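Start counting the sequence shown at 342; every next residue gets the next number (our numbering).
Accompanying notes for the structure given below.
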Amino acid sequence: MKLYRTKKGIVLEDGQDLYLVKDQNWDEFINDDGLYQKLTNMVQELAPDKQAHDWLANALLPPVGSQEVWASGVTYFRSKLGRQEESKDSGGGTFYEKVYQAERPELFMKATGPRVMGHMQQVRIRKDSNWDVPEPELTLLISSSGKILGYTIGNDMSSRSIEGENPLYLPQAKVYDGSTALGPCILISEEALPLDTSIKLEIIRESNLVFSDSITIDQIKRKFSELVEFLYREYTFPSGSFLMTGTGIVPDHTFTLQSGDKIKIHIDGIGTLINLVA
C-alpha cells in the first residue's frame, strides 16, 4: 500500500484503487507502529473514490510534515570510492575509508519537513559550487519509537566540489535551500524490501539522456536497523523521522548538473520521483 500527502488530504493506494483518508493530521496519522494494519482495515471499510485521482494530479505534496530528514553517508562501496576521489587533493580521503569500516555510521541532518521539495518540484544547485550531483537514495519512514514503517525515494542534492575541498564543509555541501526532495509516495509494508530492489537514476538535458546508472540495495554495507539504532540512540523524534540510506550511484568528475536538467529516480515497488533543477 502507498500513502500520498496532498493539499486536500491523504490518499491511500491499494492495488489499482485509490481511497480518500479525510480529516486526519498527517504527522499523527503516519506516526503509528500499527500503520500497516490500520491501512489494511481502512481498505476494507472505505470505498474507492475517483476524486483521489484529481488530488494526486493537482494537489500533491512531499510526503513529509514536521518530520526531520536525516541522511547516511558512505554506506555503499561506490560511495566510498567517489568520496575518496573527490577529496584526494585535500587529504580527506582517509576519513571516508575509516567511516566505511567503522562501527559508527556517518549520519547528518539534511532538512526539516517544510524545506523538503516534492515530486515535480524544483531542486537547486549552489551558486558557489562548480560540481553538483543528485544522490538517489532509498529513504526510510521511521516512527517515534524507532520502527521502520515504510519507504520512499530521496534526492540528496550535493555539492561535490565543496565537500571535496574539506570534509568539514559537508553541511554546506549538503544543506541549503532546495537540497532535499522526497516522494512521490510512501510505500507502507510490514515486509523488508527484496535485496534485489533496484534504484535507477536518469538525468535528462534538453530532451537528451546525459546520465544513467542503477544499483541494487543489497550493495548497502549496513543494516537499516543499525542506521536507525544510531540515529535514535541519543535523539528523539516526536513525530517520527525520515532517514536517507546513502547512495551507490556516483557520477564521476566529468559530469555536473546544470539548470534545466530533469532528474528521474526510480525505485522498484515505490515509483519514480522527478525533480527539475532550478
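We treat Cβ as the ideally placed atom computed from N, Cα and C, and that holds for glycine.
The structure presented is a predicted model; accordingly, all values stated were derived computationally and were not measured.
- Three or more Cβ pairs closer than 8 Å define a contact, and the stretch 411-428 falls short of that threshold against the stretch 362-376.
- Residues T557, I558 and D559 of the same chain have their beta carbon placed closer than 8 Å to that of L536, with the five preceding and five following residues left out of the count.
- Taking the C-beta atoms as reference points, V516 is found nearer than 9 Å to F449.
- V591 sits in coil when the DSSP states are folded into three classes, being neither helix nor strand.
- Taken in chain order, the unbroken stretches of alpha helix (DSSP H) that lie wholly in the stretch 373-405 and span 4 residues or more are 376-386 and 392-399.
- Annotated three-state conformation of V618 is strand, per DSSP.
- Sequence-distant partners of D355 (beyond 5 residues in either direction) whose C-beta falls short of 6 Å from its own C-beta, in its chain, are M342 and V384.
- Taking a cut-off of 8 Å on C-beta distances, the stretch 515-532 touches the stretch 485-503, as three or more cross pairs fall below it.
- By the Cβ criterion, the stretch 530-548 is not in contact with the stretch 439-456, since fewer than three pairs of Cβ atoms, one from each stretch, lie closer than 8 Å.
- Check the Cα spacing between I604 and each of Q463, E444 and L387: the tightest is with Q463.
- Looking at the DSSP output, V415 shares a beta bridge with no other residue.
- Taking a contact to require three or more Cβ pairs closer than 8 Å, the stretch 464-480 and the stretch 593-609 qualify as touching.
- Taken in chain order, the whole alpha helix (DSSP H) runs of length 4 or more contained in the stretch 444-509 are 501-506.
- When L568, G601, V618 and V551 are compared, the shortest CA-CA separation from W411 is found for L568.
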